[in-house]
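Counting from 337, one number per residue, gives the positions in the sequence shown under the numbering used here.
The next block holds one structure in the form of structure tokens; read it before the comments.
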Amino acid sequence: MNKQTLEHMKQLRLYDMYRAFNSSLSPQSTNYTSDELVAYLIQSEWDDRQDRKIERLPKAARFRYSAVMEAIDFDASRQLDKNQIQRFASCDFIKHKQNILVTGSTGAGKSYMASAIGHQACSLGYKVMYFNTNKLFTMLKTSKADGSYLKQINKLEKQDLLIIDDFGLKALDAINRHSFMEIIEDRHGEHSIIIASQLPVEAWHEIIGEQTIADAILDRLVHNAHRIDIKGESMRKKMKNKY
């Protein structure tokens, strides 16, 4: 009977439950009650699946950087609120459906910070996707041509956290503007977004274009958003000078 049970576990892909049950059959194993054994088997399978999920999530997110929050530079010249940044590690902003807007000059570390927060969210089991703005809109335009647009939009909508990097490098055309509006509308009050940009938020209206749509997008983005404005010397230049 035990052999058949083990075989069924393998066929059902309950791999860690299989390992735990097989281990429980050895003479040296703990003498579990029936309730304890069931709890032990389920917990083993649960833990294994959670571990595999946490390993899988960063790969699915496709981050630009392998970033960690512990490596964020809080040098005084950057004028960062350390308490604010460290609070993001709990990812309560995701629970509360809030956004984060990161601005700063070229090389200031915006992408790294956005990625670090994203990696932290993955470690807590949240689904995250990272996109460069131009690549995101190129993908969406292509999907309109091949008929997969709704599938892509739905996939974006299901993410707990969406990161859009390098926003504002060029103005949005009519197609991208409406796609952006759809993304923001879908996420408003439902899921969080992080946007990183060289431009101050006040300049985004012009980048989005068409006043009515720009007003609607910014109203949804900004009203419940945490703001981070990174100052100081370019981190790329700083690292180059260091070595």
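For every residue, glycine included, the Cβ atom is placed at its ideal position computed from N, Cα and C.
Residue of 562, 400, 479 and 350 minimising C-alpha distance to residue 528
Distance from the Cα of residue 528 is smallest, within the candidate group 562, 400, 479 and 350, for 562.
Near residue 546, which residues of its chain fall below 7 Å by C-beta distance, leaving aside the five closest residues on each side in sequence?
513
Give me the residue from 369, 530, 355 and 517 with the minimum Cα distance to residue 548.
517
Buried or exposed by the 16-neighbour rule on C-beta atoms within 10 Å, applied to residue 377:
Residue environment: residue 377 is assigned as buried (16 or more neighbouring CB atoms within 10 Å of its CB, all protein chains considered).
Going by CA-CA distance only, name the one from 439, 369, 419 and 519 that's closest to residue 491.
519
Does the beta-carbon distance from residue 405 to residue 488 come in below 7 Å?
No, the Cβ-Cβ distance between residue 405 and residue 488 is not below 7 Å.
In this structure, does DSSP put residue 466 in helix, strand or coil?
strand
Name the DSSP bridge partner or partners of residue 498?
465 and 529
Secondary structure at residue 614, three-state DSSP: helix, strand or coil?
This structure cannot settle anything about residue 614, because the visible part of the chain is limited to 337 through 579.
Touching by the beta-carbon criterion (3+ pairs, under 8 Å), the region 535 to 542 and the region 491 to 509
yes
Test item: CB-CB of residue 532 and residue 413 under 7 Å
no
For a quick check, are the C-beta atoms of residue 398 and residue 466 less than 7 Å apart?
yes
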